[in-house]
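Here the sequence shown is numbered in our numbering, starting from 25 and rising by one per residue. A virtual CB, placed ideally from N, CA and C, is assigned to each residue, including glycine.
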Amino acid sequence: MKRRSLLQAAGMFCGAWGANQLLLSRASQVLAEPTSRKLAFLVGINQYRNASLNGCITDVELQKELLIYRFGFQPSDIVVLTNQQATRSQIETVFTEHLIQQAKPNDIVVFHFSGFGSLQKLGATTDDIQPVLLTADDPKEDAIANAISQDTLLLLLRSLSTSQVTTVLDAGYFYPGYSQRGNLKLRSRSSDPASQLIPSELEFQEKLLEKTGLDRIQTRVKWRSGQFPGVVLSAANDQQFATESPWNGFTAGLFTYSLTQQLWQATPSTTLRVNLRQASELIARRVDSKQQPVLMGQKSRDRPLKPYQVASIQSAADGVITAIEDSGKIVQLWLGGLPPEVLETYSFSAVLKVENSDQLLQIFERNGLAAKARSLTESPNLQIGQRVREKIRTFPKEIRLAIAVDANLNRVERVDAISALSGLPKTSAAIAGEQPADYLFSKVEETTQVAALNPDAMKGTILPAGYGLFSQGRDAIPRTAGESGEAVKLAVRRLTPRLQTLLGAKLLNLTSNSTTSELAVRASLEIADSNAIVQQTEKISLDSIKVIPSDGKLVSFPIGTPIRLRVENRDPDPIHFVILGFDNRGSGVVFNSMQGDQPQTSIAANETVMIPRSLTDWLVQAPTGLSEIYLVCSRTPFQHTQALLGTSAGFVRSLPNFLDVAQAVLQDLHQASNPSINAPDLFALDMASWATFRFLYQVV
């Protein structure tokens, strides 16, 4: 949403703090640690002297609402600097006065920065190149860097009396020579190779060196090896992109939005590595491997590593009540915990349940992440700070696939592409960067093709240089590239079947609800010959679980690895299921679970099944790339879906009619929900009737 709209939305609940401070304090004290104070300093800079971003102030709001309503921070203990307030000297002053001077040994500290970053040479040799965070007053003058260097950041963190500090950096350092990549904007800037730090910054560093007892060489060694105090969460490493993305009504950092959304879904047993891995999956769907979050710091190896190092939190949430109107009949909500793809299509008829009660709320207005809802209870007893969970998810039956047309195409190409794409059923098109999009239409560069092939595969191969489809971050969608010289309209016609398959994937994504489903079902993805659980869903009604890898990155499998799904039905009734997915070639597939010579489509009560039963039926196949699996469970049979799937031999088979199958899944889930919402143009899915588990892994 635009900055003004976002701040107005945030102001809806800010205005309630005065009159309702006691209620908010009580809600926060439930989460607060009895012996520690929680302090936070949040910085977001959209407006720079020579460039601008759009989502950094949104990032600050996302983080602020999370800290207050999820982790028990008091509003008075959170300081925010935005835009022109966030000069280098002011950031360092607030860090010193609010965090260093106030934090005691057991206190919890969070520092967040969203803005531009850069790689700058701050000395005579290449060893003096280091990442810096650009502040609102940079550049001070030519060849003078008025920024916060890694030296300064490490020294500031070392000056804290507590080791319970989490630093979140949503800025990029690597600058590829352009600011827009596909539909995403890069948070990195070029640097002057002759830069040096402003003298006042060097003086400030000298004071910190004296306070910490370090010298400059020791400081540099520590940050180069990732030995920052506490935990540091970065949007990407210094050779990758950090990006921001437009959503429906607002723009936000891809990392901050993904991370905070997952932290709303954290349970008391969840570790930060789980949340970071899940955030990495959300990011990978938009930028593939070009942006992978980084976990580092001296406490990053702690077991267990809790989010923001808060020892205990309450159950997961999709949102929170931020203000109450009309004696509780109307409430204002912050929906920071809803999955981004669900929020994009969220209908005004959606119903949420208030925690620890039977009270229901129905959405009737939404502006970005802020919404209004009316109580469906005659005598509501609601409080600010109460968390809410989805009860009935609603979205339109007519969902469109949004395609961004690359702004780097020439004018004629852009006009032809928008015209051709807009003429397709259930498809919309716009210039990249102007509005949210699912995928990008652009011209395939030869370097893109060369990078995708090994030298042996390239022998005798003619590389296409025509039009194709890309992720939002301009990663090529497999097998969509056309021949050089192909007309735009012919390319769109050729790509139409793939666009339909991608729309089917979008529809399936709208059913994902593994953290909110009321079915007592759990699923895990395992290496078949070792019983090693590499990816596991999390259900708040079930036991605690573990997820690896421990670095919080995407799960990866070498080619040839045998894998399988373990599905546990702890419900007192049988559950029915279907398994769909996308292989690393981008094709829609169905997985056939067999019981003897018959297909297995249900699991009995209190039964656990392995899919497939054979250790050799499911081997990870070449080429390298991303693969995705959807396990959809329901209390009732998938009649429409199974009628389309039919029966066939083999564990995996391709689905040329993937869109039809996805629509049938939605129809089956809609009927299973027996919805009370009577709206012929909406799907209404009750959380008590289904569960969709989504697994994403990288083939290496």
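Compute the Euclidean distance between the alpha carbons of residue i and residue j, then round it to the nearest angstrom.
| i | j | result |
| --- | --- | --- |
| residue 598 | residue 698 | 18 Å |
| residue 635 | residue 718 | 15 Å |
| residue 362 | residue 226 | 44 Å |
| residue 583 | residue 214 | 38 Å |
| residue 179 | residue 703 | 59 Å |
| residue 385 | residue 353 | 9 Å |
| residue 645 | residue 526 | 21 Å |
| residue 708 | residue 377 | 15 Å |
| residue 242 | residue 175 | 10 Å |
| residue 91 | residue 281 | 14 Å |
| residue 372 | residue 391 | 11 Å |
| residue 185 | residue 297 | 25 Å |
| residue 659 | residue 630 | 14 Å |
| residue 109 | residue 650 | 42 Å |
| residue 173 | residue 283 | 24 Å |
| residue 52 | residue 633 | Residue confidence is low: residue 52 scores 41 on pLDDT, short of 50, so the model does not pin down where it sits. Its coordinate-derived value is still stated next. Rounded to whole angstroms, residue 52 to residue 633 spans 42 Å at the Cα level. |
| residue 502 | residue 519 | 12 Å |
| residue 351 | residue 381 | 18 Å |
| residue 710 | residue 435 | 46 Å |
| residue 293 | residue 192 | 22 Å |
| residue 98 | residue 287 | 18 Å |
| residue 641 | residue 605 | 16 Å |
Where does the unbroken alpha helix (DSSP H) through residue i begin, and where does it stop?
| i | result |
| --- | --- |
| residue 281 | 278-288 |
| residue 443 | 435-446 |
| residue 692 | 682-697 |
| residue 516 | 512-533 |
| residue 303 | 296-311 |
| residue 667 | 663-669 |
| residue 679 | Neither: residue 679 is in no alpha helix (DSSP H) and is coded neither H nor E. |
| residue 112 | 112-118 |
| residue 90 | 80-93 |
| residue 268 | First-last for residue 268: 267-271, but that is the beta strand (DSSP E), not the alpha helix (DSSP H). |
Measuring CA to CA, which of the options is closest to residue i?
| i | options | result |
| --- | --- | --- |
| residue 398 | 499, 223 and 355 | 355 |
| residue 441 | 491, 417 and 146 | 491 |
| residue 448 | 427, 530, 388 and 221 | 427 |
| residue 531 | 135, 380 and 418 | 418 |
| residue 686 | 580, 602, 514 and 80 | 602 |
| residue 220 | 182, 162 and 260 | 162 |
| residue 188 | 529, 253 and 269 | 253 |
| residue 648 | 98, 580 and 349 | 580 |
| residue 255 | 303, 334, 268 and 388 | 334 |
| residue 194 | 88, 469, 159 and 258 | 258 |
| residue 199 | 516, 228 and 267 | 267 |
Excluding the 5 residues flanking residue i on each side, which residues of the same chain have their C-beta closer than 7 Å to its C-beta?
| i | result |
| --- | --- |
| residue 82 | 30, 274, 275 and 276 |
| residue 197 | 141, 142, 143, 155, 212 and 262 |
| residue 684 | 668 |
| residue 60 | 130, 131 and 132 |
| residue 595 | 543, 544, 545 and 629 |
| residue 424 | 450, 451 and 452 |
| residue 404 | 352, 353 and 383 |
CB-CB under 6 Å to residue i, same chain, minus the five flanking residues each way: which ones, in chain order?
| i | result |
| --- | --- |
| residue 676 | 613 and 615 |
| residue 688 | 664, 665 and 668 |
| residue 482 | Confidence at residue 482 is low in this model, with a pLDDT of 37, below 50, so the placement of that residue is unreliable and no value is reported for it. |
| residue 311 | 497 |
| residue 446 | 453 |
| residue 265 | 196, 210, 314 and 315 |
| residue 56 | Residue confidence for residue 56 is low, a pLDDT of 42 falling below 50, so the modelled location carries little weight; the figure read from the coordinates is stated next. These residues qualify, in order along the chain: 96. |
Take residue i and list the residues in its own chain whose beta-carbon comes closer than 8 Å to its own, dropping the five residues that flank it on each side.
| i | result |
| --- | --- |
| residue 204 | 210, 431, 456 and 457 |
| residue 367 | 271, 272, 359 and 393 |
| residue 626 | 598, 599, 600, 601 and 661 |
Can you name the start and end residues of the beta strand (DSSP E) that residue i belongs to?
| i | result |
| --- | --- |
| residue 346 | 343-349 |
| residue 232 | Careful: residue 232 lies outside any beta strand (DSSP E), inside the alpha helix (DSSP H) at 223-236. |
| residue 414 | 411-420 |
| residue 603 | 599-606 |
| residue 191 | 189-194 |
| residue 714 | 714-723 |
At a cut-off of 7 Å, is residue i close to the ligand COA when judged by its beta-carbon and the heavy atoms of the ligand?
| i | result |
| --- | --- |
| residue 242 | Only the bare structure without any ligand can be found here, which leaves the ligand COA out of the picture. |
**OP:** For the segment 230-237 and the segment 245-253, state whether three or more C-beta atom pairs, one from each stretch, are separated by less than 8 Å.
**Re:** Judged by Cβ distances under 8 Å, the segment 230-237 makes no contact with the segment 245-253, as fewer than three pairs qualify.
Subject >> Inter-stretch contact at 8 Å, needing at least 3 Cβ pairs: the segment 608-616 / the segment 678-691 >> reply: yes
Original post:
Do the segment 334-349 and the segment 541-554 make contact, defined as three or more Cβ pairs closer than 8 Å?
Top reply: Cβ pair count under 8 Å is below three, so no.
Original post:
Is it true that the segment 403-423 meets the segment 329-344, where meeting means three or more beta-carbon pairs spaced less than 8 Å apart?
Top reply: yes
**OP:** Indicate whether the contact test is met: 3 or more Cβ pairs, each with one atom in the segment 63-76 and one in the segment 95-104, closer than 8 Å.
**Re:** yes
Original post:
Counting Cβ pairs, one atom from each stretch, are 3 or more of them under 8 Å apart for the segment 112-127 and the segment 315-323?
Top reply: no
Original post:
Okay, do the segment 320-327 and the segment 502-513 touch, 3+ Cβ pairs below 8 Å being the bar?
Top reply: Inter-segment contact for the segment 320-327 and the segment 502-513 is absent: fewer than three beta-carbon pairs are separated by less than 8 Å.
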